[in-house]
Amino acid sequence: MSVTLVKEKYSSKVGEVVLGATAEQGGTRTSTITVGGDSALPFLQFEGETKNRPVIAMEVTDIVPTWSDTIKNQIGDVISDPAAWAKKCVDDFGADLVYLKLIGAAPDGENRSAEDCARIVKDVLAAVGVPLIVEGCDDSEKNNEIMAVIAEAATGENLLIGIAEQDNYKSIAAAAMVHKHTLIARSPLDINICKQLNILIHEMGLPLNKIIIDPTVAGLGFGIEYVYSIMERARLGALANDKMLSMPIICTVGHEANRCKEAYASEEEFPGWGDLEDRSVLWEAVTASGVLQVGASILVMRNPAAVSVVKKNISDMIGK
Amino acid sequence: MLIFGERINGMFTDIGDALRNKDPKPIQYWAVKQQEGGAHYLDVNSGPAIPTHERVEAYEWMVNVIQEVSELPLVLDSTNYDAIEAGLKVCKRPAIINSCPAEQVKIERVFPMAIQYNAGIIGLTMDKKGIPKDAENRVAFAMELVAAADEYGVPMEDLFIDPLILPVNVAQEHAPEVLESLRQVKMLANPAPRTVLGLSNVSQKSPDRNLINRTYMAMAIASGLDAAIMDANDDDLVDVAATCQILLNRSIYADSYLKVFRAR
């Protein structure tokens, strides 16, 4: 008896978003990146198109981060120089784009000024040709201040800037609109707030193709199933023509995976867990591969060895 | 839930006058106003305002003047199939033919026309003898229409079965039969045909028209109603349609869901 494959038919697709801008487009990037556009669930090429391959953004911070030595040792001396670090991510580790996190802006830390932050952004832009993602620190008031200055200093570059949240989106959405950048809209693992935030930002006048969804993720073993179900609902909504959930998704997997004890605790402490070097790579790589399966378009990663594993996984899934 | 705006109908004085005087303004006014209200399609019916021999020309004219101001697809509503065909020829987007009863002669006229113009069909669960009293006979007529769609190659989702609701103040016993018909029609094929009602009919000549329309629509949607020819400018009625989408988990909830439902 022959078996006929049951194929789902979808009425719509995920929206496409372009990151970065070349000289002709008003920026200085040597190339741009397009994400989204899929017309089926991820990698189900027999049901629809996986239009643009998922990309990996490697995380760079403006001050030396408190990451585990397994990661810091791979990065080496450049870790104290954001521009050189960014260049190494692109040239040596194969990052598709760079994610610059300005933790030095935190008022209870270095308390860097907006102008200093903007200068670092310009330095990184000068060091690499790929598109740039810029996020501030964890203080929303300070972020509004620095992102307004950064957005203006990088006018026309079409940065992906973040983050907009339900109770703090107007200032950064306005900065994105005025200076022609793309915006990350983050919701706290909540599909209803995710949709509502997109509606609110869109009502301010930012086009839907200038928004990227950050649904918030969790590391392997710490609620990744819940993340998966939220992302799946968003993707199925997009495919069923829910325009307010149709934006491509960014996942900060490096940040989340490396918060898990399994990614940094030593073998001496937990002999049953095995070699830390392998374990930390796998923890981040498996977290990333998990969210890839449900539609992540941009993976923000830290561990260069994990990036290499996930790049191969993407190629295998795409079939090229 | 699809909303077919009912207002461009020669039964209304302003539209009847517009048709007689060839004045596009009232027709265009209602095209835009219904779109703003939340209509997904515009029903177009000359009613008795135009003599039979002028209907072909009238439908072509109506379609053209509506398309000057609205991008919405149209539901061409007439018993005169030549008039519908004249309208289909000038429609820019796939339209819906309203309507075809379960009568062989009419099926042979309408279904090939639907294929030719890539149009949908509203199929009425009645024949020459009229509207059945119970669900069983309504569903039997629906089955004839489903079989015709199959025979002529009309995709099942392009067939809208209308189980015909009558005014509750004179034919109360029909209301639950129509709900039962909606439930059963959805089980006639896989994929199922879609369903539609001329909703306002349920409240004809009752003092509490809006309340009856809203209540019956919510009940009908829960029973399987996919579309209604209705008052697209009764905001509360459109809100009920939007809320049903949420309560049946067909659309993901967001605080602004009412606004999003109306966004085109």
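Chains as they are written, first to last, in my numbering: chain A, 1 to 320; chain B, 1001 to 1264.
Just so you know, even glycine gets a beta-carbon here, dropped at the ideal spot from N, CA and C.
- With a cutoff of 9 Å on beta-carbon distance, PRO54 (chain A) and ALA285 (chain A) are scored as not near each other.
- DSSP places ASP1077 (chain B) in the uninterrupted beta strand (DSSP E) bounded by 1074–1077.
- The closest CA to that of ILE1097 (chain B), considering only B:GLY1038, B:ASP1043 and B:ILE1131, is found on B:ASP1043.
- With a threshold of 16 other beta carbon atoms within 10 Å, ASP1208 (chain B) falls short and is exposed.
- Under the Cβ criterion (8 Å, minimum of three pairs), the region 74–94 of chain A does not count as touching the region 1031–1051 of chain B.
- One thing to note: ILE133 (chain A) has its Cβ within 9 Å of the Cβ of VAL98 (chain A).
- ILE191, ASN192, LYS195 and GLN196: these are the residues of the region 184–197 of chain A whose beta carbon lies less than 7 Å from some beta carbon of chain B, given in chain order.
- DSSP places ALA1242 (chain B) in the uninterrupted alpha helix (DSSP H) bounded by 1235–1247.
- Sequence-distant partners of GLU203 (chain A) (beyond 5 residues in either direction) whose C-beta falls short of 6 Å from its own C-beta are missing from its chain.
- According to the DSSP secondary-structure assignment, ALA57 (chain A) is paired through a beta bridge with A:LEU97 and A:VAL300.
- Per DSSP, the beta bridge partners of MET1230 (chain B) are B:GLY1005.
- Membership of THR1195 (chain B) in the beta strand (DSSP E) is indicated by the continuous run 1194–1198.
- Beta-bridge partners of ASN1098 (chain B) (DSSP): B:ASP1077 and B:ILE1122.
- For ARG235 (chain A), no chain B residue has a Cβ inside 9 Å of its Cβ, as the nearest lies near 11 Å away.
- Listed along chain B are ILE1252, ALA1254, SER1256, VAL1260 and ALA1263, each with a C-beta nearer than 9 Å to that of MET244 (chain A).
- For a Cβ distance threshold of 7 Å, residue set ALA1254, SER1256 and VAL1260 of chain B lies close to ILE199 (chain A), ordered along the chain.
- Per DSSP, CYS260 (chain A) lies in no alpha helix (DSSP H) and is assigned neither H nor E.
- At a cut-off of 9 Å between beta carbons, GLU8 (chain A) makes no contact with chain B.
- With contacts defined by Cβ atoms closer than 9 Å, ILE250 (chain A) and ILE193 (chain A) do not form a contacting pair.
- CA-to-CA, the gap between LYS101 (chain A) and LYS320 (chain A) works out to about 31 Å.
- Of all C-beta pairs linking the region 43–63 of chain A to the region 271–280 of chain A, fewer than three are shorter than 8 Å, placing the two stretches out of contact.
- Buried is the label assigned to LYS210 (chain A), since at least 16 other Cβ atoms lie within 10 Å of its Cβ.
- Boundaries of the beta strand (DSSP E) around ASN1045 (chain B): 1041–1045.
- Just measuring C-alpha positions, the residue of B:TYR1253, B:ILE1252 and B:LEU1199 sitting nearest LEU1237 (chain B) is B:LEU1199.
- Restricting attention to A:ASP116, A:GLY290 and A:SER68, the CA atom closest to the CA of GLU232 (chain A) is found in A:GLY290.
- Beta-bridge partners assigned by DSSP to ALA164 (chain A): A:ALA185.
- According to the DSSP secondary-structure assignment, GLU277 (chain A) is paired through a beta bridge with no residue.
- Take PRO1048 (chain B), set aside five residues on each side of it, and the residues of its chain with a beta-carbon closer than 7 Å to its own are GLY1010, in chain order.
- Look at GLU203 (chain A): its C-beta is under 9 Å from a C-beta on chain B.
- The beta carbon of ILE120 (chain A) sits closer than 6 Å to the beta carbons of ASP62 and PRO82 from its chain, once the five residues preceding and following it are set aside; these are given in chain order.
- Approximately 6 Å separates the beta-carbon atoms of MET1001 (chain B) and CYS1244 (chain B); this is inside 8 Å, confirming the contact.
- In terms of Cβ geometry, ARG1138 (chain B) and GLU1173 (chain B) do not form a close pair [threshold 9 Å].
- Bounds of the beta strand (DSSP E) holding GLY36 (chain A) are 33–36.
- If you compare the alpha carbons of A:ALA57, A:PHE93 and A:ILE56 with that of GLN74 (chain A), the shortest gap goes to A:PHE93.
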